[in-house]
């Protein structure tokens, strides 16, 4: 493991998702401990996307914004909100010069699939309908972890239903496969922050203890990946999602989808939160650079 990351492992709070309420509070405290980003060079606005119910979003718009990304937080479909994602959404906007639309989708177990999935699709349609206002002539979608899985699922739905055009997928360590049959999913039982037991609990909450009913719940179950938007996939070496991330990227390539795959050695799931580590800064800068290029080329 990267020594700069390893030194901070003991500071990560335990969160096994047995008590979602308590774990949400722990994540909120962890997010508040992260240095606050400088947002003086962008407009930041909270809105509510109409729906049943309405979906809170926070829009980060740099002064020279080009294109937009619908950005989905991690947290195992159980934790996270606009506040916990604020440091990362703001940094992504700064690094990419893109409008970032951060989404506070409904959380499990109170709201299992398809609640979060439907919230994200509602935001996609709203963004397309308000493209001129938002400067979103090109729309990408992406996220961390559970949010990355939601992004991949939304791209599938938009393709299948002829929905708004998504020009790019930015997938960072996404949760894609509820079956957990890969080598990393079976063997990473004691990795930092995210391990097999925690991922099992997250899928259990999100799917109400049942197998995924469709690829919209677990994108790795999709049999046809053709016609999807170009993608960037990031995987972490010590992450249970690692192998399903790499496999999904390869399957996209085999289906004719343009993919950039970056496997980050020495990192673990969520280790980008350790901003003092040089590898974390490179990861965040790369996400921004990849998104900037994707929106410029679309």
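In this note's numbering, the protein residues as written are 81 to 378. Note that beta-carbon positions come from the ideal geometry of N, C-alpha and C, so glycine has one too.
* Asked: At what residues does the alpha helix (DSSP H) containing residue 162 begin and finish?
  -> By one-based count along the chain shown, residue 162 stands at place 82. Segment 162-176, the alpha helix (DSSP H) holding residue 162.
* What span of residues does the alpha helix (DSSP H) with residue 324 cover, start to end? -> Here residue 324 is taken as the residue at index 244 of the chain shown, counted from 1. Looking at the DSSP string, the run of the alpha helix (DSSP H) that includes residue 324 is 322-334.
* Asked: What residues in its chain sit with their C-beta under 6 Å from that of residue 165, if we drop five residues either side in the sequence?
  -> Position 85 of the chain shown, counted from the first residue, corresponds to residue 165. 153, 182, listed in sequence order.
* Using DSSP with H/G/I as helix, E/B as strand and the rest coil, what is residue 337? -> Taking the chain shown and counting its residues from 1, the one referred to as residue 337 is at position 257. Three-state result, residue 337: coil.
* Does the beta-carbon distance from residue 269 to residue 259 come in below 8 Å? -> Mapped onto the chain shown, residue 269 falls at position 189. Mapped onto the chain shown, residue 259 falls at position 179. Not closer than 8 Å, so no.
* To do: Taking only runs that begin and end inside the stretch 273-301, name each unbroken alpha helix (DSSP H) of 4 or more residues, in chain order.
  => Listed in chain order, they are 276-286.
* Should residue 262 be labelled buried (16 or more other beta-carbon atoms within 10 Å of its own) or exposed? -> Numbered from its first residue, the chain shown carries residue 262 at position 182. That one is buried.
* **Given residue 249 as reference, the closest of 211, 274, 214, 307 once Cα atoms are compared** => Here residue 249 refers to the residue found at position 169 of the chain shown. The option with the nearest alpha carbon to residue 249 is 307.
* **For residue 239 and residue 329, the rounded distance between their alpha carbons** => Taking the chain shown and counting its residues from 1, the one referred to as residue 329 is at position 249. Taking the chain shown and counting its residues from 1, the one referred to as residue 239 is at position 159. Take the alpha-carbon of residue 329 and the one of residue 239: they are about 17 Å apart.
* Short Cβ contact (8 Å threshold) for residue 203 with residue 129 -> Numbered from 1 along the chain shown, position 123 holds the residue referred to as residue 203. Numbered from 1 along the chain shown, position 49 holds the residue referred to as residue 129. Yes, the pair counts as a contact, with Cβ atoms nearer than the cut-off.
* Identify whether residue 197 lies in helix, strand or coil by the three-state DSSP scheme. => Position 117 of the chain shown holds residue 197. Three-state result, residue 197: helix.
* DSSP state of residue 222, grouped into three classes? -> Indexing the chain shown from 1 puts residue 222 at position 142. Residue 222: strand per DSSP, three-state reduction.
* Simplified DSSP assignment, three categories, for residue 150 -> Here residue 150 is taken as the residue at index 70 of the chain shown, counted from 1. DSSP places residue 150 in strand when its eight states are reduced to three.
* Rounded to whole angstroms, what's the CA-CA distance from residue 293 to residue 265? Just pull it up for me. => The residue given as residue 293 occupies position 213 in the chain shown. The residue given as residue 265 occupies position 185 in the chain shown. C-alpha separation (whole angstroms): 20 Å.
* **Residue range of the unbroken alpha helix (DSSP H) whose run includes residue 138** => Translated into the one-based positions of the chain shown, residue 138 becomes position 58. Careful: residue 138 lies outside any alpha helix (DSSP H), inside the beta strand (DSSP E) at 135-142.
* For residue 315, three-class secondary structure by DSSP -> Along the chain shown, read from residue 1 onward, the residue named residue 315 stands at position 235. In this structure, residue 315 counts as strand in the three-state DSSP scheme.
* Distance between beta carbons of residue 138 and residue 122, contact taken as under 8 Å -> Residue numbering aside, residue 122 sits at position 42 when the chain shown is read from its first letter. Residue numbering aside, residue 138 sits at position 58 when the chain shown is read from its first letter. Wrong, their Cβ atoms sit about 11 Å apart, outside the cutoff.
* Below 8 Å between beta carbons: does that hold for residue 196 and residue 168? -> Sequence index remark: in the chain shown, residue 196 carries index 116 (1-based). Sequence index remark: in the chain shown, residue 168 carries index 88 (1-based). The answer is no: Cβ separation not under 8 Å.
* Can you grab the Cα-Cα spacing for the pair residue 107 / residue 241, in whole Å? => As a first step, residue 107 is located in the chain shown; it is residue number 27 there, counting from the start. As a first step, residue 241 is located in the chain shown; it is residue number 161 there, counting from the start. Straight-line Cα distance between these residues: approximately 35 Å.
* **8 Å contact criterion, which residue 359 and residue 369 should meet: CB distance rounded** => To locate residue 359, count along the chain shown from 1; it is residue 279. To locate residue 369, count along the chain shown from 1; it is residue 289. That pair is no contact at about 15 Å.
* Quick one: what's got a C-beta closer than 6 Å to residue 111's C-beta in the same chain, skipping five residues either side? -> Position 31 of the chain shown, counting from 1, holds the residue named residue 111. 164, listed in sequence order.
* To do: Have a look at residue 348 and residue 215 and give me their C-alpha separation to the nearest angstrom.
  => Looking up residue 348 in the chain shown gives position 268. Looking up residue 215 in the chain shown gives position 135. Their backbone Cα atoms lie some 35 Å apart in a straight line.
* For residue 303, does the count of other Cβ atoms within 10 angstroms reach 16, so buried, or fall short, so exposed? -> Against the chain shown, residue 303 aligns to sequence position 223. Label assigned to residue 303: exposed.
* CA-CA distance, residue 231 and residue 257? -> The residue labelled residue 231 in the question sits at position 151 within the chain shown. The residue labelled residue 257 in the question sits at position 177 within the chain shown. Approximately 14 Å, taken between the alpha carbons.
* Asked: Quick one: is residue 90 buried, meaning 16 or more other Cβ sit within 10 Å of its Cβ, or exposed?
  -> One-based indexing of the chain shown puts residue 90 at position 10. It is exposed - the Cβ of residue 90 has fewer than 16 other Cβ atoms within 10 Å.
* State the CB to CB distance for the pair residue 127 and residue 375, rounded to an integer number of angstroms; the pair is presumed to be in contact (CB under 8 Å). => Position 47 of the chain shown, counted from the start, is the residue given in the question as residue 127. Position 295 of the chain shown, counted from the start, is the residue given in the question as residue 375. Not confirmed; about 21 Å, so no contact.
* Asked: Which word fits residue 217, buried or exposed, when buried means at least 16 other C-beta atoms lie within 10 angstroms of its C-beta?
  -> Start at 1 with the first residue of the chain shown, and residue 217 comes out as number 137. Classification of residue 217: exposed, given that the 10 Å Cβ count is below 16.
* Asked: Hey, which unbroken runs of the beta strand (DSSP E) at 3 residues or more fall wholly within the stretch 217-265?
  -> 219-224, 248-252
* Please determine, among 192, 245, 82, 190, the residue with the shortest C-alpha to C-alpha distance to residue 209. => Here residue 209 refers to the residue found at position 129 when the chain shown is read from its first residue. Ranking the options by Cα distance to residue 209, first place goes to 245.
* To do: Could you have a look at residue 79 and say whether DSSP puts it in helix, strand or coil?
  => No information on residue 79 is available, as it lies outside the stretch 81 to 378 that the chain covers here.
* **When 186, 148, 233, 190 are compared against residue 176, the one with the closest alpha-carbon** => Position 96 of the chain shown, counted from the first residue, corresponds to residue 176. Measuring from the Cα of residue 176, the nearest candidate turns out to be 148.
* Local Cβ density within 10 Å of residue 226, reported as buried at 16 or more and exposed below that -> Mapped onto the chain shown, residue 226 falls at position 146. Per the 10 Å Cβ criterion, buried.
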